[in-house]
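Note that the sequence shown covers residues 1 to 478 in full-length UniProt numbering.
All remarks here apply to the structure that follows.
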Amino acid sequence: MGFTSIIARLLLGTVAILSFVGAINEQDFAPDDIVIRDICILGGGSTGTYAAISLKDKAKSVVVVERHKILGGHTETLYLGNNQHIDYGVEGVFNDELSRKYLKRLAVDYKPLLPSAQTTEYVNFRTGKKVPPPSGIPSVVEAAKVYRAAIEKFSYLKDGLYNLPDPVPDELLQPFGDFVKKAGIEGSLQVVKIFAHGAGNILQAPLLRVLQLCGLPQVDSLLQGGYITPKNGMYEVYNRASEILGSDIFYETSVIETERSESGINIFVQSANGICKLIKAKQLLVTFVPIIESLNGFDLVRPESSLFQKWNWVNYYVAVVKNTGMPNATTLVNADPDNAPGNLPLPPFQLELQYPGVDGYLVSKIIGNSTFTAQQAKDLILSDLRRMGTEGTFPGGDPEIVVFGDHTPTTVSVSNIDVRDGFYRKLSALQGTKNTFYTGLAFCSDYSSLLWAYTETVIGEMVASSASTCSLCVQGYD
Numbered sequence: 001m002g003f004t005s006i007i008a009r010l011l012l013g014t015v016a017i018l019s020f021v022g023a024i025n026e027q028d029f030a031p032d033d034i035v036i037r038d039i040c041i042l043g044g045g046s047t048g049t050y051a052a053i054s055l056k057d058k059a060k061s062v063v064v065v066e067r068h069k070i071l072g073g074h075t076e077t078l079y080l081g082n083n084q085h086i087d088y089g090v091e092g093v094f095n096d097e098l099s100r101k102y103l104k105r106l107a108v109d110y111k112p113l114l115p116s117a118q119t120t121e122y123v124n125f126r127t128g129k130k131v132p133p134p135s136g137i138p139s140v141v142e143a144a145k146v147y148r149a150a151i152e153k154f155s156y157l158k159d160g161l162y163n164l165p166d167p168v169p170d171e172l173l174q175p176f177g178d179f180v181k182k183a184g185i186e187g188s189l190q191v192v193k194i195f196a197h198g199a200g201n202i203l204q205a206p207l208l209r210v211l212q213l214c215g216l217p218q219v220d221s222l223l224q225g226g227y228i229t230p231k232n233g234m235y236e237v238y239n240r241a242s243e244i245l246g247s248d249i250f251y252e253t254s255v256i257e258t259e260r261s262e263s264g265i266n267i268f269v270q271s272a273n274g275i276c277k278l279i280k281a282k283q284l285l286v287t288f289v290p291i292i293e294s295l296n297g298f299d300l301v302r303p304e305s306s307l308f309q310k311w312n313w314v315n316y317y318v319a320v321v322k323n324t325g326m327p328n329a330t331t332l333v334n335a336d337p338d339n340a341p342g343n344l345p346l347p348p349f350q351l352e353l354q355y356p357g358v359d360g361y362l363v364s365k366i367i368g369n370s371t372f373t374a375q376q377a378k379d380l381i382l383s384d385l386r387r388m389g390t391e392g393t394f395p396g397g398d399p400e401i402v403v404f405g406d407h408t409p410t411t412v413s414v415s416n417i418d419v420r421d422g423f424y425r426k427l428s429a430l431q432g433t434k435n436t437f438y439t440g441l442a443f444c445s446d447y448s449s450l451l452w453a454y455t456e457t458v459i460g461e462m463v464a465s466s467a468s469t470c471s472l473c474v475q476g477y478d
């Protein structure tokens, strides 16, 4: 299935991205539409961008296929003028050697990530009324120390990877709420919520899922090195990376079809304006979440398809709102007294309405199940705010969503049965299948610093596996 057949199908009004795979005919592409690289990277988020820079620095030729207009993934920055900005997605990274080295490579100046001076109010967003803070809340540092002591025995998860014992301990698969009760760490739940709200119903989520979101690396960074953030907003990372990569990025481009083999990779891609290209590469690096719904046109082998159809996930949205009627320098924490311990809100919910350090604006992060839509998330933001005004909790405003982002799917996981059956061991074994490698939040804890470290490991495997072979010779261009 080549360029000509795709154009014919488009003219007939059918969908270009198909669930079946034919044969890519190179003769259907003009020479200028054939792109030859060592490695093709699918996805220009945190891991895809990092991989492209790292591979370029290792003298590998790359091309990044990104479906959006810009790089960045879960990074969202609103620039307001007057040197003000709001990071309403990723806010910072671990202050570790790898992160500092990467920012230096990109010539991105950074600073410590510190909370803005603010007042905290606890509100039950369901009722719109103020509620007392959860009882017995220790300081953040004390809460983190208590929590760390309770999870220290799970040190095999310290890198954010699924390096699970075999058999998998039953304790990892119990509801997190049971673990909290046994360990007596109810006072740490407010800290856990900051990191692990993406689990949805935190108390009912398996302990393993919560540890991947709030485990030893996250807590150790909080207690030791802290976090850093670019002085000009998180998007500065991707702005600089895009300048370095230049024409090696295909924006607003989707994969139509792949042909993968031990001798190389052929990828048929199409841009939003209809331009079709054939990418010929020695290796493929997939960095987006490989749920089966996102893999139409991929020539998956049975081990891949059998694993990728098992994912469950959470829908996650972010937004900046204004005209809320809320006091400046105030963060509203969503607390539900009916869900003890911790007074944690239940999905779908806004985590909080966070003061971002710029008066007149609040940041929202919204979590729902896999059927919770972007429109429902927007409606939830506005209805929660209006309810507070109706109840007289705060002066009513005319709330407006300034910007909105969709980070779905996130917190991907599988059932306890699949975890016990060795799902993550099988997932790891996919690396290198048909010259295809994987990285990203489906394989590692969803924090940039951990993702970059894991991606560097995967890159090492890719470079080692290709060391004795010339990619151009493999593709028949010797």
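C-beta: ideal position from N, C-alpha, C; glycine also.
{"Item": "Exposure of V141, with buried meaning 16 or more beta-carbon neighbours within 10 Å", "Value": "exposed"}
{"Item": "Inside the segment 338-405 only - alpha helix (DSSP H) runs reaching at least 4 residues", "Value": "374-390"}
{"Item": "V414 versus W311 - alpha carbon distance", "Value": "5 Å"}
{"Item": "S247 versus D446 - alpha carbon distance", "Value": "28 Å"}
{"Item": "Whole-angstrom C-beta distance between G43 and F288, which should lie under 8 Å", "Value": "4 Å"}
{"Item": "Segment limits, beta strand (DSSP E) that includes A437", "Value": "In the sequence as displayed, the identity of residue 437 is Phe instead of Ala. It spans 436-438 - the beta strand (DSSP E) in which F437 sits, taken as one unbroken run."}
{"Item": "CB of P290 within 7 Å of CB of F268, strictly", "Value": "no"}
{"Item": "Contact set for N343: own chain, Cβ-Cβ below 6 Å, skip 5 residues either direction", "Value": "P134, A335, D336, P337"}
{"Item": "Where the alpha helix (DSSP H) through V419 begins and ends", "Value": "416-420"}
{"Item": "Within 7 Å, strictly: CB atoms of A150 and A183", "Value": "yes"}
{"Item": "Whole-number beta carbon distance between P165 and P206, since they are thought to touch under 8 Å", "Value": "In fact, because the Cβ distance is near 15 Å, the residues do not count as touching under 8 Å."}
{"Item": "6 Å Cβ shell around F394 - same chain, five flanking residues per side excluded", "Value": "G325, M326, M388"}
{"Item": "Cα-Cα separation, D170 to L222", "Value": "28 Å"}
{"Item": "D38, buried or exposed, once every other Cβ within 10 Å from all chains shown has been counted against 16", "Value": "buried"}
{"Item": "Residues bridged to D87 (per DSSP)", "Value": "T77"}
{"Item": "T119 in three-state terms, based on DSSP", "Value": "strand"}
{"Item": "For Y122 and K181, the rounded distance between their alpha carbons", "Value": "23 Å"}
{"Item": "Residues that N266 bridges to, as DSSP identifies them", "Value": "E259, K280"}
{"Item": "8 Å contact criterion, which L71 and I249 should meet: CB distance rounded", "Value": "7 Å"}
{"Item": "Per-residue DSSP class, three states only, for T455", "Value": "helix"}
{"Item": "Whole-angstrom distance between G225 and V458, CA atom to CA atom", "Value": "25 Å"}
{"Item": "Whole-number beta carbon distance between L213 and A241, since they are thought to touch under 8 Å", "Value": "At roughly 26 Å, the Cβ-Cβ gap does not stay under 8 Å, so A241 and L213 are not in contact."}
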